[in-house]
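Colleague:
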Amino acid sequence: MGIKLYFLRFEKENTVIMMIGVTSFLLTLGFFVWTSTGVSDVLWTPRIVDYKEDIDRHKRDADRIIDYLVTGAGKGVVYNNLAEMTDTYGYRLCGTQTLENVIDYMVDKLKKDGLDNVHKEPVNVTRWVRGNEWAKMLTPRVKPLSILGLGFSVGTPTSGVTAEVIVVRTFDELRDRAREVKGKIVVYNQVWENYGQSVEYRSQGGIEAAKLGAVAALVRSVTPLSINSPHTGQQSSDDWAKKIPTASITVEDAELMWRLSRRGINITVTLYMEAQNLSPVTSYNTVAEIKGSQYPEQVVLVSGHLDSWDVGQGAMDDGGGAFISWQALSVVRKLGLRPKRTLRVVLWTCEEEGIQGGQEYFRVHRNESTNMNIVMESDMGTFTPQGLLFTGSDQAMKIIKYLAATLLKRVNASNVAPDADLTDVFNWPSLGVPGASLKTDDASYFYYHHSQGDTMTVQDPDEMDLCSAVWAVTAYTLADLENMLPANRTISLK
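For what it's worth, the UniProt record's numbering labels the leading residue of the sequence shown as 1, then goes sequentially.
1. Name, in chain order, the residues that DSSP records as bridge partners for ILE65.
2. Quick one: using the 10 Å Cβ neighbour count with 16 as the cut-off for buried, is LEU138 buried or exposed?
3. Round the Cβ separation of GLU289 and LEU343 to the nearest angstrom and send it over; I've been treating them as touching at under 8 Å.
4. On the DSSP letters alone, give me the boundaries of the beta strand (DSSP E) that SER248 sits inside.
5. Return the bridge partner residues of ARG341 from the DSSP annotation.
6. Compute the Euclidean distance between the alpha carbons of ASP454 and ASN412, then round it to the nearest angstrom.
7. Less than 7 Å between C-beta atoms, sequence neighbours within five positions excluded: which residues of the same chain meet that for GLY213?
8. Out of curiosity, what's the CA-to-CA distance linking GLU53 and GLU463?
9. Given 6 Å as the limit, tell me if GLU255 has its C-beta closer than that to any heavy atom belonging to the ligand GDP.
10. Just list the beta strand (DSSP E) runs in the region 365-402, keeping only unbroken ones of 3 residues or longer that don't cross its boundaries, in chain order.
11. According to DSSP, is MET484 helix, strand or coil?
12. Do you know whose CA, among LYS439, LYS211, TRP192, lies nearest ASN415's CA?
13. Return the residue from the list THR71, LEU256, SER221, ASP67 that minimises the CA-CA distance to SER198.
14. Could you check which residue in ASP310, VAL287, TYR105, HIS305 has the C-alpha nearest to that of VAL299?
15. Please list the segments of the alpha helix (DSSP H) lying wholly inside the region 121-200, counting only runs of 4 or more residues, in order along the chain.
16. To the nearest angstrom, how far is the alpha carbon of THR349 from that of PRO461?
17. Can you look up ASN80 in the DSSP assignment and give me helix, strand or coil?
18. Just list the residues that DSSP pairs GLU289 with in beta bridges.
19. Quick check: what's the CA-CA separation for LYS59 versus GLY432?
20. Return the first residue and the last residue of the beta strand (DSSP E) that LEU218 is part of.
21. What span of residues does the alpha helix (DSSP H) with SER437 cover, start to end?
22. Taking 8 Å as the limit between beta carbons, can you name the residues of its chain near LYS168, skipping five residues before and five after?
23. Quick check on the burial criterion: 16 or more other C-beta atoms within 10 angstroms. Buried or exposed for GLY114?
24. On a CA-only basis, which of TYR51, GLU353, LEU485, ASP465 is nearest residue 501? Give me that one, please.
25. The beta strand (DSSP E) that contains ALA328, what's its start and end?
26. Grouping DSSP H, G and I as helix and E and B as strand, with all else coil, what is SER261?
27. Based on DSSP bridge pairs, tell me the residues matched to ASN415.
28. Would you kindly check if the distance between the Cβ of THR86 and the Cβ of residue 498 is under 7 Å?
29. Which of the three DSSP states, helix, strand or coil, is assigned to VAL425?
30. State the Cα-Cα distance for the pair SER283 and ALA163, rounded to the nearest angstrom.
31. Quick check: residue 497 and GLU351, are their CB atoms within less than 7 Å of each other?
32. Under 8 Å: do the region 354-367 and the region 381-394 share three or more Cβ pairs, one atom per stretch?
33. Classify HIS119 as buried or exposed, calling it buried when 16 or more other Cβ atoms lie within 10 Å of its own Cβ.
34. Tell me the rounded alpha-carbon separation between SER279 and ASP61.
35. Bridge partners of ASN277, per DSSP?
36. Short check: CB of PRO434 to CB of LEU466, under 7 Å?
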């Protein structure tokens, strides 16, 4: 005979209503009110549904969603929608009119799709522009260098910067050779370990070089595979004594200069950049919903970001994530499903330059955290789905694992692992809100990341349909279960 323990929490003004139910054959002991003076009498005995039974009853709806997207009328729709947007507008840099045009385009599409409460929420955002840029190695031989200025970099003087190069592998080596740095261009040829370690050179390389008197910094692109194409990205916007021009270079050119320097050969480079940081402007997060039928104030949020860097088309990063999030709501509406909780899609603005849309949304909506059932984000590509990455309580993890094993096995996406990859929604778990990200076969993600290679050619229609199915089944089911996911929240009685 199994004994099952359930915890539910509701808040209203200064009263916290707690239900502690110990069940055997789902016999609930009671529902109590806790106030600052103690526990009152039993109010009522709600119906508590075992989460496995609750998930099992969603198998038919899950299969309908999968059929619609993989073999039915929804097949290929998400790919075609993304292709139409990216082919029409191209990349969508934060602070540009192109991004705002795409946001208005999406508002129109979401309204025409019949979704509820379609609107924009303002965000004050930075405005960095690249301008023209080029670099050339002058000695020991003349060779053009392919570069991409890093976000928030300053430009060079109109005459450019010409200086001798010092090439280092690590920040430790840079500090050990500090006396050699002043007046030179620092080239970082860091070894690719993984993105988390290698990206430190992109984000901090200019700062560390400037501290030691360098006139510019060139950073090896953060990628495990290169075809002589640079990869851009954001560098830290922290203030330091002197801001210097900073750009990414190709893996091939970083290794070339490393080999030359190891042979004791002097290297001279000319760098020209017109990069500028202009006055902030207003952008918008884009929001649409399917209003919940029983608990409309409780929300399951799915998301991806609309902005991109100013190279390629931003199809992979993060057009795919944004469009499968739209598709998740679209298929639920088209199939006539009405979840108990509200399904909300948020298409973030200006993720690439400091998570600005996500941070502002959290600032404005953080007081809604007790009604936020889960925040979901897709920003690591829409390749063949494998399952989900999850951050939350142990109890919630069990529910997510059972959901995936029961409803997503059919599309071979039943794997659930800890530590969701959250960027725009990374703050929410600090308030106890569970978070999930799409887990895909993303081995090639950083081949194209922030480069000219991020185009629709990376995307596969069938893979996007499968990702949409995983996203829609997960979001809809969690929005329609009898109970919210158990959350990591501290009970505070005022």
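Beta carbons are placed, not taken as given, at the ideal position from N, Cα and C, and that holds for glycine.
Modeller: According to the structure data:
1. Answer is none; ILE65 lacks a bridge partner.
2. exposed
3. 6 Å
4. 246-249
5. TYR295
6. 26 Å
7. VAL181, LYS182, GLY183
8. 30 Å
9. Ligands displayed in this structure: none; no statement on the ligand GDP is therefore possible.
10. 372-377, 385-391
11. coil
12. LYS439
13. SER221
14. VAL287
15. 171-176
16. 25 Å
17. helix
18. ASP116, ARG344
19. 28 Å
20. 216-220
21. Unbroken run through SER437 is the beta strand (DSSP E), 435-440; no alpha helix (DSSP H).
22. For the sequence presented, residue 168 should be read as Val rather than Lys. Excluding sequence neighbours, VAL168 sits near LEU174, ARG177, VAL186, VAL187, TYR188, ASN189.
23. exposed
24. For residue 501 there is no data in the structure shown, the boundaries of the chain being 1 and 494.
25. Premise fails: ALA328 lies in the alpha helix (DSSP H), 320-334, not in any beta strand (DSSP E).
26. helix
27. GLY387
28. In the structure displayed, the chain extends from 1 to 494; residue 498 sits before or after that span and is not available.
29. coil
30. 39 Å
31. Residue 497 cannot be examined here, being either before or after the span of the chain that is shown, 1 to 494.
32. no
33. exposed
34. 49 Å
35. TRP128
36. no
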